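These notes are about the structure you will find just below.
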């Protein structure tokens, strides 16, 4: 559609003269009425060609009335604009792209559907949280469905804590459970599945398990029969599985309980059932997930609201994992010393306890600046900072953040210990065993206590190098801004030269002439006003000063100098005026020669008065 035609149709949409269709869109309280033309709607959309027939719409006073409650007014406005003008445009902060995709698919607007589907596939930032839930209810959008599953794995609570979770179809829930990168602890996944099963079992009317009958457990087992096989019981901690066993042993598949129990008690036992692998989080950690990383990133930046996983400004680069690189203290120092700011996360053995700390400086064995002060020897020292903190993610609903209270004792480097925060607030000690290490946590240098017990065995711990990715982004942003500015300047110059150069020069010279006229007027006014005083006062002062420094102290000498001063001052004024008038005449002559067809009336008269131009 050409630009002029598009503009004309846009005007017709804004001022719908001779309309014959009224479309009522949305549901209470968000309802809007749109006026349109059946000929345009039918020719641009096969959906409307059928929908506006007498079978689907009613006619009142010659106007076709059509209701569309399942599309929001903001989405329909985008689609109606496309129907009239061919323009596809929408701001992601104003309307959901997923809603546009669903509506354009229903209205059979193929170009709009393809364009916004492409937006969503190529850029995950175009997704709103509820879009994930919406797409999982429309699995016929295969490409979008796969992206939604991927996003749901990164931020699963968007699904599991939504109001629509309990209405989710079993097939969609199973697709989520099959994902190896679903970023939740297995016990949490189990708890959500149980909640879904209870809500979808009609015979269960009470959440209190003590009030359940054996039939209730049997019905729940039937409801979850296809889901339970995708729960990774063997990847739970023994304590977590004990909780599952105590509450829901009756709904587990036959023989599963005995095999899981024996698997935990005997490391050499090989179950007869297939053991599903440990879920691999897209965030490279087997202790924390991307949501935890968002919370920690907000603590680093001292923000009150956690970062969403797509907006974390830091890169968490895994540089050490104890189970992979070795539990020896030497391995920690080999991998982590002199790597800049780091994050340490620790998982306690046979427990869900997760603690950690952030070091904004670096682990180093040499004194690098005035922030470090030596302790007992040249290899152990402490570093001063007010930006370090320790934390606990044991209860992810209410995480504990403890910032440093004694910044002189914030960070310690010890050759025979692992990471040390404070005097004893969080410290990994050495051990005679190569695979068993002990962590100590006693409140001393930080604000809060993060654990109830003071020592525990470490099952796993990881160290991440924290890289602030905003610096290169800012440099890139400044470069892009500079390029855009240069582009605008260049475009301005090109546009300036595209116009008449003669007109531009004429305008420029006119401004110069105006400035000269104003300056001349001011100078003449000051001259007439002050000339009399200047002719007497200034020479007198000059004469008096000269008289003070000459030997002939008589009246004749004084008046002689006085007269000479008057003459000198007058000649100086004349010379200045002459020089100024020469400049004025020069500009006038240049203007007259360059633009002979222009009327410089004031300067022509001036030149005539000076005798520089003839009356001809």
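Residue numbers (the UniProt record's numbering): 1 to 616.
We put the beta carbon where it would ideally sit given N, CA and C, even for glycine.
All values reported here derive from a predicted model rather than from experimental measurement.
Alpha carbon to alpha carbon, how far is residue i from residue j?
i, j, result
"residue 18", "residue 41", "14 Å"
"residue 305", "residue 298", "7 Å"
"residue 37", "residue 110", "21 Å"
"residue 400", "residue 344", "15 Å"
"residue 154", "residue 252", "28 Å"
"residue 466", "residue 491", "42 Å"
"residue 63", "residue 21", "5 Å"
"residue 13", "residue 80", "9 Å"
"residue 264", "residue 270", "11 Å"
"residue 132", "residue 333", "42 Å"
"residue 455", "residue 201", "44 Å"
"residue 377", "residue 364", "Unreliable positioning characterises residue 377 in this predicted model, as indicated by a pLDDT of 45, which lies under 50. The coordinate reading is nonetheless provided below. Looking at the two C-alpha atoms, the distance is approximately 14 Å."
"residue 353", "residue 458", "10 Å"
"residue 408", "residue 424", "14 Å"
"residue 15", "residue 59", "22 Å"
"residue 247", "residue 255", "17 Å"
"residue 163", "residue 196", "11 Å"
"residue 50", "residue 34", "18 Å"
"residue 70", "residue 107", "12 Å"
"residue 156", "residue 224", "20 Å"
"residue 130", "residue 117", "16 Å"
"residue 31", "residue 198", "36 Å"
"residue 126", "residue 97", "7 Å"
"residue 386", "residue 296", "16 Å"
"residue 188", "residue 221", "18 Å"
"residue 149", "residue 142", "11 Å"
"residue 350", "residue 301", "32 Å"
"residue 518", "residue 90", "54 Å"
"residue 445", "residue 128", "41 Å"
Between residue i and residue j, is the Cβ-Cβ spacing less than 8 Å?
i, j, result
"residue 405", "residue 447", "yes"
"residue 147", "residue 73", "no"
"residue 403", "residue 417", "no"
"residue 186", "residue 232", "yes"
"residue 393", "residue 312", "no"
"residue 346", "residue 414", "no"
"residue 463", "residue 383", "no"
"residue 216", "residue 229", "no"
"residue 176", "residue 159", "yes"
"residue 120", "residue 151", "no"
"residue 95", "residue 75", "yes"
"residue 327", "residue 437", "yes"
"residue 279", "residue 180", "yes"
"residue 174", "residue 226", "yes"
"residue 23", "residue 77", "no"
"residue 257", "residue 249", "yes"
"residue 190", "residue 244", "yes"
Based on the DSSP output, what are the partners of residue i in its beta bridges?
i, result
"residue 465", "317 and 342"
"residue 21", "36 and 64"
"residue 392", "355 and 400"
"residue 255", "In the DSSP output, where bridge partners are listed per residue, residue 255 has none listed."
"residue 192", "Paired residue(s): none; residue 192 is not in a bridge."
"residue 511", "Beta-bridge pairing links residue 511 to no other residue."
"residue 337", "363"
"residue 429", "438"
"residue 421", "411 and 426"
"residue 134", "Paired residues: none, contrary to the question."
"residue 148", "In the DSSP output, where bridge partners are listed per residue, residue 148 has none listed."
"residue 59", "64"
"residue 455", "440"
Which whole-angstrom value describes the C-beta separation of residue i and residue j, a residue pair presumed to lie in contact below a C-beta threshold of 8 Å?
i, j, result
"residue 9", "residue 82", "Actually they do not touch by this definition, with Cβ atoms about 11 Å apart."
"residue 316", "residue 348", "21 Å between Cβ atoms; not a contact."
"residue 318", "residue 285", "7 Å"
"residue 390", "residue 450", "6 Å"
"residue 461", "residue 322", "5 Å"
"residue 359", "residue 411", "5 Å"
"residue 421", "residue 357", "4 Å"
"residue 283", "residue 122", "Incorrect: roughly 22 Å between the Cβ atoms, too far for contact."
"residue 329", "residue 441", "Not quite, the Cβ-Cβ distance comes to about 18 Å (not below 8 Å), so this is no contact."
So, is the C-beta of residue i closer than 8 Å to a C-beta in chain D?
i, result
"residue 300", "Looking for chain D here will not work: only one protein chain is present."
Worksheet item: Counting pairs of Cβ atoms below 8 Å between the stretch 230-241 and the stretch 209-217, do you hit three or more?
Response: Result no; under three Cβ-Cβ pairs closer than 8 Å.
Worksheet item: Touch check for the stretch 39-53 and the stretch 88-103: three-plus C-beta pairs under 8 Å?
Response: no
Item to complete: Please confirm if the stretch 167-183 is in contact with the stretch 136-150, defined as three or more CB-CB distances below 8 Å between the two stretches.
Response: yes
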